[in-house]
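Down below is the structure, laid out as structure tokens.
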Amino acid sequence: MKKTLLLVAALFTLNACSLLPEPYKVPVTQGNIIKQEQVEQLALGMTERQVIYVLGTPMVRDTFAPNEWHYLFKSKYATSADKTSPIEQLTLTFKDGVLINIDQD
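Structure below.
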């Protein structure tokens, strides 16, 4: 009798845990967080070192196009499977170590 009562009490206790709200989950941010103020500081003619000083190192340096730097940013909110921010991309093109093109998606 005691074992049955203990088993029933344990089942009710475990079932009560399913009624608790979902715990907070931290959003996952991937890539380089780039603010618009940083992009506005970029100017054609800047050197690679100056760009790294303003934006940091790029997320991707293309192997086949070493003069293109890609800065990517995306957030995924862990509370919902379909809540993700759009991928923001900033592509910088250099020629002879000097910035010649800024492409922001």
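Just so we're aligned, residue 1021 is where the sequence shown starts under the working numbering, counting upward by one.
Yeah, the Cβ is synthetic: ideal placement off N, Cα and C, and Gly gets one too.
Rounded separation between residue i and residue j - CA only
i	j	result
Lys-1115	Glu-1042	51 Å
Thr-1049	Glu-1108	12 Å
Asp-1125	Tyr-1091	11 Å
Leu-1026	Leu-1039	21 Å
Asn-1035	Ala-1029	10 Å
Val-1080	Tyr-1044	31 Å
Phe-1084	Leu-1110	18 Å
Pro-1047	Phe-1093	13 Å
Gln-1136	Thr-1033	Limits of the chain in this structure are 1021 at one end and 1125 at the other, which puts residue 1136 out of reach.
Spatially closest choice to residue i from the options, by CA coordinates
i	options	result
Pro-1086	Thr-1024, Arg-1069, Leu-1112	Leu-1112
Glu-1088	Tyr-1073, Tyr-1044, Glu-1068, Leu-1027	Glu-1068
Leu-1075	Lys-1023, Ile-1053, Phe-1084	Ile-1053
Ser-1095	Leu-1039, Gly-1051, Gln-1056	Gly-1051
Cβ neighbour criterion (16 or more within 10 Å) applied to residue i
i	result
Cys-1078	Note on identity: in this sequence residue 1078 is Pro, with Cys being the wrong assignment. Answer is buried; the Cβ neighbour count reaches 16.
Met-1066	buried
Extent of the continuous beta strand (DSSP E) run through residue i
i	result
Ile-1122	1118 to 1124
Span of the alpha helix (DSSP H) around residue i
i	result
Tyr-1073	1068 to 1075
Glu-1088	First-last for Glu-1088: 1088 to 1096, but that is the beta strand (DSSP E), not the alpha helix (DSSP H).
Count the CB pairs spanning the region 1116 to 1123 and the region 1050 to 1070 that are closer than 8 Å, and state whether there are at least three.
yes
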